[in-house]
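Chemist: This note's numbering runs 179 ahead of the 1-based position in the sequence shown. Glycine is no exception: its CB is placed at the ideal position from the N, C-alpha and C atoms. All of these numbers come straight from a predicted model, not from anything done at the bench. Here it is, the structure in full.
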Amino acid sequence: MHRFKPHLAIFTLPLLLLIPTTSWAQSVTFYQAWQSLLNNNDGLAAERASVEQAEYKQQAAGAMNLPSITLSGNYTRLDNDVDVSPSDLLDSTQRGAGSLAKAFDGRLTSTLVEKDVFTSSIRAIWPIFTGGRISAAQDIAKAKSEEAKYLLEMKQQGKFEDLSKYYFGVVLSQQVLATRQEVEQGLKEHFDHAVKMQEQGQIARVQRLQAETAYHKAQVDTKKAQRDLEIAQMALTNLIKAPALAEPSTHLFINESLPPMQAFMDKTLQSYPGLSILDAKEKQASGLVDVEKGKYYPEVYLYGNYNLYQDDTLVGDNTPDWLVGVGVSIPLLDTSGRSEKVSVAHSAIKQVGYLRAQAKQDLSLLVEKTYREANQALEEYNGLASSVSMASENISLQKKAFSQGLATSLDVVDAEMYLNSIKTQRSAAAYQYVLSLSRLLALSGEVDSFNQYQQYQGLEVQ
Numbered sequence: 180m181h182r183f184k185p186h187l188a189i190f191t192l193p194l195l196l197l198i199p200t201t202s203w204a205q206s207v208t209f210y211q212a213w214q215s216l217l218n219n220n221d222g223l224a225a226e227r228a229s230v231e232q233a234e235y236k237q238q239a240a241g242a243m244n245l246p247s248i249t250l251s252g253n254y255t256r257l258d259n260d261v262d263v264s265p266s267d268l269l270d271s272t273q274r275g276a277g278s279l280a281k282a283f284d285g286r287l288t289s290t291l292v293e294k295d296v297f298t299s300s301i302r303a304i305w306p307i308f309t310g311g312r313i314s315a316a317q318d319i320a321k322a323k324s325e326e327a328k329y330l331l332e333m334k335q336q337g338k339f340e341d342l343s344k345y346y347f348g349v350v351l352s353q354q355v356l357a358t359r360q361e362v363e364q365g366l367k368e369h370f371d372h373a374v375k376m377q378e379q380g381q382i383a384r385v386q387r388l389q390a391e392t393a394y395h396k397a398q399v400d401t402k403k404a405q406r407d408l409e410i411a412q413m414a415l416t417n418l419i420k421a422p423a424l425a426e427p428s429t430h431l432f433i434n435e436s437l438p439p440m441q442a443f444m445d446k447t448l449q450s451y452p453g454l455s456i457l458d459a460k461e462k463q464a465s466g467l468v469d470v471e472k473g474k475y476y477p478e479v480y481l482y483g484n485y486n487l488y489q490d491d492t493l494v495g496d497n498t499p500d501w502l503v504g505v506g507v508s509i510p511l512l513d514t515s516g517r518s519e520k521v522s523v524a525h526s527a528i529k530q531v532g533y534l535r536a537q538a539k540q541d542l543s544l545l546v547e548k549t550y551r552e553a554n555q556a557l558e559e560y561n562g563l564a565s566s567v568s569m570a571s572e573n574i575s576l577q578k579k580a581f582s583q584g585l586a587t588s589l590d591v592v593d594a595e596m597y598l599n600s601i602k603t604q605r606s607a608a609a610y611q612y613v614l615s616l617s618r619l620l621a622l623s624g625e626v627d628s629f630n631q632y633q634q635y636q637g638l639e640v641q
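Structure (structure tokens):
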């Protein structure tokens, strides 16, 4: 019979904790990472909630065209009943009846209203002309809804650039780590070779020490590259809120060429949401002008009242059940500062115009700068191809020369480090190209075409 041994669990648990977290990594393409970011990012969720709020406010503004209907009930307490007697009626005439009318007061006095008064009614007011203030308020609400949508779109474009930076930053870190590992392996072989050659008396001790020092430094560089990769992966995982450590499966890439810069420029100036936000701001300012101008016009409205309950009194019995009418309200003296507010709104329109002109200038400069950076990265990547081949060949030559005593240990180390720097620089150029391309596509509203550049036109960088 097998029995559970507690001491085995004590030794097994620490071993389980030593399993590297990368064993739980989840492979994710760039497209999958983008969808995850869109669905899970709290900042974007907050912007979507803002859009929802603006849409509800726009719907609420639409109700301003409808009549206002209220149900009311009232209770009033008077100090005494309101009575009317024959003498009161005759005294109200030009020629009173004197003592004759007072003789009938005790028998003919009527109660018009009791001191406890209960009433209930339905009232309606329907504005039919407000000087354009209602339609202007609705236009402002619509413009604010559009502004919220464009803010969300601009936020998404910014997050797309962030994702490109984080996602391909991990890919770059992986390539740097692979390069560091190659250098470490090459310097280890060189160190082992140097040890044997020293033992055989073919090289001096100082050359063996040089090889050993270079190998140890390569080990440190490899560990640093590993830590940099882990940090980059954690940042990416946090950005897209992945359930496990994100492991990118989309490689860095380049394209043979880019579309003309003017194509990106035109699309950016036509579709950049920041410019649309300024358009929405201008509509809001124009709406404010109409609102303030509308205060100079009279307000015309319909109104009505229907009595649901009245006291059983003489006045209550003779009061009509309903009434309708039309009213006009003309502002004679307004203390809200109408003319000044109109001037403020006109100034806001001018401000938006200046901001739009500056924004177009800044966008044009940004597109040109980013486009040139992308082309520069392409040129750098392609230009370093021959350097990689030359550096690889140089390592072989230096190793042979070292074996024959024609080169020093430092020559071999320098050759290894030069190849490492060229490979790293080339990977960094590809990374810079992808970042520049991502920004160009985000600015021009062509985020969805990134997949086409990557899969169908891209040359994979290993």
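1. Suppose contacts are defined by Cβ-Cβ distances below 7 Å. Is Val503 in contact with Gly483 by that definition?
2. Do the region 210–229 and the region 333–347 touch if we need at least three Cβ pairs shorter than 8 Å?
3. How would you label Glu326, buried or exposed, when you count the other beta carbons within 10 angstroms and need 16 or more for buried?
4. Opposite Gln655 in the DSSP bridges: which residues?
5. Per DSSP, what kind of secondary structure is Gly310 in: helix, strand or coil?
6. Counting Cβ pairs closer than 8 Å, one from the region 477–492 and one from the region 303–312, do we hit at least three?
7. If you follow the alpha helix (DSSP H) that Ser450 is part of, which residue opens it and which one closes it?
8. Just mark Phe629 as buried or exposed, buried being the case when its beta carbon has 16 or more other beta carbons within 10 Å.
9. Taking only three categories from DSSP, how would you classify Ala242?
10. My parser needs the beta strand (DSSP E) runs of 3 or more residues fully inside the region 373–429; what are they?
11. For Ser628, report the span of its alpha helix (DSSP H) as first-last.
12. For Ile382, which residues of its own chain have a beta-carbon under 6 Å away from its beta-carbon, when the five flanking residues on both sides are left out?
13. Compare the Cα-Cα distances from Ser450 to each of Leu622, Ile528, Tyr560 and Ser518 and report the closest residue.
14. Less than 6 Å between C-beta atoms, sequence neighbours within five positions excluded: which residues of the same chain meet that for Ile456?
15. At 4 residues or longer, what runs of the alpha helix (DSSP H) sit wholly inside the region 513–573?
16. Give the DSSP-derived three-state secondary structure of Gln205 in the structure shown.
17. Kindly indicate which three-state DSSP category Ser436 falls into: helix, strand or coil?
18. In terms of alpha-carbon separation, which member of Glu426, Leu487, Gln379 and Thr549 lies closest to Pro439?
19. Quick one, are the C-beta atoms of Ser617 and Glu552 less than 7 Å apart?
20. Please confirm if the region 514–521 is in contact with the region 459–477, defined as three or more CB-CB distances below 8 Å between the two stretches.
21. What's the C-alpha gap between Phe581 and Ser571?
22. For Leu557, which of Asn417, Ala421 and Asn434 has the nearest alpha-carbon?
Modeler: Per the coordinate set shown:
1. A contact, by the Cβ cut-off of 7 Å.
2. At 8 Å Cβ cutoff, the stretches touch.
3. That one is buried.
4. Residue 655 is absent from the model: the chain starts at 180 and stops at 641.
5. Gly310 falls in the coil class under three-state DSSP.
6. A contact exists between the region 477–492 and the region 303–312.
7. For Ser450, the uninterrupted alpha helix (DSSP H) run begins and ends at Met440 to Ser450, by DSSP.
8. Phe629 comes out buried.
9. If DSSP states are grouped into helix, strand and coil, Ala242 belongs with the helices.
10. Runs of the beta strand (DSSP E) inside the region 373–429: 425–427.
11. Here Ser628 belongs to no alpha helix (DSSP H), and DSSP marks it neither H nor E.
12. Within the same chain, Ile382 has close Cβ partners Met376.
13. The candidate whose alpha carbon is nearest that of Ser450 is Leu622.
14. Glu326 and Tyr329, listed in sequence order.
15. Correct list: 517–562.
16. Three-state DSSP puts Gln205 in a strand.
17. Coil.
18. Closest option to Pro439, Cα to Cα, is Thr549.
19. No, they are not a contact pair.
20. The answer is yes - the region 459–477 touches the region 514–521, with three or more Cβ pairs under 8 Å.
21. Cα to Cα, Phe581 sits roughly 16 Å from Ser571.
22. Shortest Cα-Cα distance from Leu557 to any of Asn417, Ala421 and Asn434 involves Asn434.
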